[in-house]
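Everything on this sheet refers to the single structure shown next.
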Amino acid sequence: MRFLNQAIDFEPLDGHAAPTFAARAGVGEWLAFCAAIREAKRRLVALWGSDERDRGEGGEGGEGGDRENPPGFALHAAFDLTEGLACLTLPLAAENPAFPDIAPIFPAANRMQRAVMDTIGAMPEGDGDRRPWLRHANWPASYRPLRGDAGDARFETRNEDYPFVRVEGDGVHEIAVGPIHAGIIEPGHFRFSVTGESVLRLEQRLGWKHKGIERRFSGMGLSDGARLAGRVSGDSTVAYAWAYCQAAEAVAAAAPPPRALWLRALLLERERVINHLGDLGYLGNDVALPFGLTQFMRLKEDWVRLNARLFGHRLLMDCVVPGGVAVDLDDDGRRAVAAQCDALEGELRVLKGIYDEHAGLQDRFLSTGRITPQLAETLGVIGLAGRASGQRWDLRCNHPCAPYDHLRARMCVERNGDVAARALVRFAEIKESLNLVRGILRETPAGEIRREVRSEADRRGFGWIEGWRGDILVALETGGNGRIRRCHCHDPSWQNWPALEHAIIDNIVPDFPLINKSFNLSYAGPDL
Amino acid sequence: MNFYAFLAQLIEFVTALLLAPLFVGWVGQCRAWLQNRSAPPLLQTYYTLHKLFHKDVLLAHNASPLFRAAPYAIFACMALASAIVPTLSTTLILAPAADAVAFVGLFALARVFIALAAMDVGTAFGSLGSRREMLIGFLAEPALLMIFFTTSLISHSTSLSSIVGTLARTDFVIYPSLAFAGTAFVMVALAENARVPIDNPTTHLELTMIHEAMILEYSGRHLALIEWASALKLFAYSCLGIALFVPLGISATASPLALLTAAGFMLAKLAACGFGLALIETLSAKMRIFRAPEFLGTAFLLAVLAMLVHLLLGAGP
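Protein chains in written order, with our numbering: chain A, 2 to 529; chain B, 37 to 353.
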């Protein structure tokens, strides 16, 4: 199959929940395809690298001359097409691997390319940004953790000199914040260049939560991998586990039973509601309205407690497993979930009224941290933050997998792109999720909830799920022994962190925490 | 008489030192109730102070003697300020030592010390906080002075004792000017004590802090002194507000019985005042820092209006 009039023959992959295609490309086709994607206003989902040097037969396809070269590395990119997910692979040389810089086409690719550089050792060509991203001075530049021959090593922590972009001018000074903050919050370093209180530029330095998860995946069995995937980002454990399970089920060519899919959707929507409730509370707290925090936290606590009672885990970890789900819902549980939806809907109406009517809160929310739809499109902002800036990306609507093809989720979109818009999208999505949960409770078919999944050797699978922040992609590859060879988990925060740097421009310094909270991006998810 | 005045002064001073942390605890209690939270213990501020006094002081390598001296200077300013506010009796030994203008000056002195100390270590947050604190301070002080001038016009004196004495002992007269001055005073008090809607004393977001940003580098007994001084400041403001605008029950003499009655009245009024503060803080969100000039400008305007009303209507003796 060919897409966008490009000379790349994609092969449809079987057993995926959403239509998925894969192909290999040479450098020229790679660049042309990226440009065509941009032209068609589609988007880059993820970019990652892999070490293929131990592959016996690899290296065919692409541009000529590969046959005499030994198999080297590979760069993979996933794109969101109207037809589905397209994964393109660019073979790279074994010695001094380099790839064309696509950051000028997709700004969000900058950090992903730098992560490839840090983990695999393949360099972007040209005068692109080559500063390390995930690698701090905690491991030497010569150590590439995702190379097959990297080995386990321990290194001394050292100080590093990271070249931040300097803003020069009269009265400009820098404020360095983090990674250690005044409160117990996630580590991120933010370098503000300000004049007085007004922010001229913000530069982020993330990667303080590196845990070696992607390296840990290698050699794991399929079911162990699900547990690890569920721990990539604790607040999105259902979304990650589901995406991983989609990939694992594609690898094993084993579709889960229908009831399991409906229950997964129930868990995913509950996860979405819980996170949105927490965020709305914290948004209130950040404008010194702790009343909002207590009320929303109370509601959130009710939901996580019911999770613990019905599914055995407050955050729903390990509920979604390859082949189905590990938990079932009986009539009693169904009634409890339905009652909770009704209770929340009433309370939410009151609280939304309070937020809407509170002059002080609205004064802080409105026009703060604005990302215009044009800017959002240029930067490729996705997920919740994208929808608050008019970007219509929601997998539940664009590429609905079962059971969303039955449920017909409504996409919640705002155009203002400020903190207020991001709060409104959260309110609207909670409401929509409540409707979805009710639909699921009504229509969930009876039957088994889990099937045996047996791993197959040398297979690829992709999982793609709309978590509460945005779409999560899991690309899974098994080796000759049927165990995981490479598993890449992509968090939507990769795309949205750079947008935060733009959102703060021309705002004042004390508004940053509020703007940051309105995005609420993951520090751990893009730092595996 | 002199002995009683000395006694009254001593009792007032000790009461302020001991009750100020309790008052902060009481405000926290009310805030928690209003927000449907379970409250920290009423005595939490004492526990915190106790803990801090037993901790080691951690100093930055480049901290100058000023950084070390500032907590003591600030504490001394606040202790003196709370000693000259007539809370129980208007017969005070220290009353002639400092009048209302000097009272404002004491706060200004403390502000200068804390702002200099914050910049001393050279962290970004220290200077950020100092800058914001000075912005608030230079807007709040004139408003506070105007409020005092209005009350001075009524009593023909700038001495706090005679102002309160006059207001407490004249027959029941409604001063319209005091309504304006009182509103302005509440606004200034909120800003000066780093409360919502100007600052948020409970935040952990260092980029939004004003007062807290300045004391981020302090630890141990230094921090304890500054926390205690903040409590004293809030206590002094509350007592002053009560004394000026609700002077009911303050004793003119310094006899033990009168002091006891006055203490009863004071506790009741402080409790109500703390609840009122918690109510304001719960209902309002923190405003953007550049709204603070508007807020304090309004306070100043109200204070000026109070003075004009007094001059135009010519009420009072």
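Backbone N, C-alpha and C fix where the C-beta goes; we use that ideal spot for every residue, glycine too.
Taking the CA atoms as reference points, I431(A) sits about 18 Å from G391(A). One Cα belongs to L243(B), the other to A525(A), and the distance between them is close to 22 Å. The beta carbon of M250(B) sits no closer than 9 Å to any beta carbon of chain A.
The beta carbons of H359(A) and A321(B) sit closer together than 9 Å.
In the DSSP assignment, W465(A) falls outside any alpha helix (DSSP H) and within the unbroken beta strand (DSSP E) covering R461 to E467.
If you draw a 10 Å sphere on the C-beta of F271(B), you find 16 or more other C-beta atoms in it, and that means buried. When rounded, the separation of the alpha-carbon atoms in F89(B) and L341(B) is 45 Å. A contact between stretches requires three or more CB pairs, one per stretch, nearer than 8 Å, and the segment 212-226 of chain B meets this requirement with the segment 271-283 of chain B. Apart from sequence neighbours up to five positions away, the residues of its chain that approach R202(A) with a beta-carbon distance below 6 Å are V168 and S194, ordered along the chain.
Within the same chain, and ignoring the five residues on either side of R265(A) in sequence, the residues whose Cβ sits closer than 7 Å to its Cβ are W243, V321 and V326. Your pair F107(A) and G381(A) checks out as a contact, with CB atoms roughly 6 Å apart and the cut at 8 Å. For A204(B), the CB contacts under 6 Å within the same chain, skipping 5 residues up- and downstream, are P283 and I286 in chain order. Comparing alpha-carbon positions, the option among T90(A), A339(A), E96(A) and G85(A) lying closest to G73(A) turns out to be E96(A). C-alpha of E346(A) to C-alpha of A339(A): approximately 11 Å in a straight line. Here M302(B) is actually not in contact with G165(B); their C-beta atoms are around 33 Å apart, not less than 8 Å. With a threshold of 9 Å between beta carbons, S320(B) makes contact with chain A. Proximity of I325(B) to chain A, defined by a Cβ-Cβ separation below 9 Å, is satisfied. The three-state reading of DSSP puts E248(B) in helix, counting H, G and I together. The Cβ atoms of R423(A) and A255(A) do not sit closer than 9 Å to each other.
Counting only the Cα atoms, D225(A) lies some 14 Å from T238(A).
In summary, E449(A) is exposed, with fewer than 16 beta-carbon neighbours lying within 10 Å of its beta-carbon over all protein chains present. Using a CB distance cut-off of 9 Å, E198(A) counts as an interface residue toward chain B.
With the rule of 3 Cβ pairs closer than 8 Å, the segment 156-174 of chain A does not count as touching the segment 483-492 of chain A. If you draw a 10 Å sphere on the C-beta of K269(B), you find 16 or more other C-beta atoms in it, and that means buried.
Interface annotation, E253(B): not in contact with chain A, CB-CB separation never under 9 Å. DSSP places A52(B) in the helix class (H, G or I) of the three-state scheme. Within chain B, the C-beta atoms nearer than 9 Å to that of R365(A) come from A321, K322, M323 and R324, in chain order. For a Cβ distance threshold of 9 Å, residue set A160, F161, E242 and L243 of chain B lies close to V178(A), ordered along the chain. Residue L32(A) holds the alpha-carbon nearest to the alpha-carbon of L89(A) among E126(A), L32(A), N508(A) and G129(A). For G464(A), there are no C-beta contacts with chain B under 7 Å, since the nearest C-beta of that chain is about 36 Å from it. In the structure shown, G384(A) falls within a helical segment according to DSSP collapsed to helix, strand and coil. Residues of chain B whose Cβ lies closer than 8 Å to the Cβ of L307(A) do not exist; the shortest such Cβ separation is about 20 Å. At a C-beta separation below 8 Å, N229(B) has no neighbours in chain A, since its nearest C-beta there lies roughly 14 Å away. DSSP places V200(A) within a strand segment (E or B) once states are collapsed to three. The secondary-structure analysis by DSSP pairs I176(A) across a beta bridge with F193(A). Here L396(A) is near A19(A), since their CB atoms are less than 9 Å apart.
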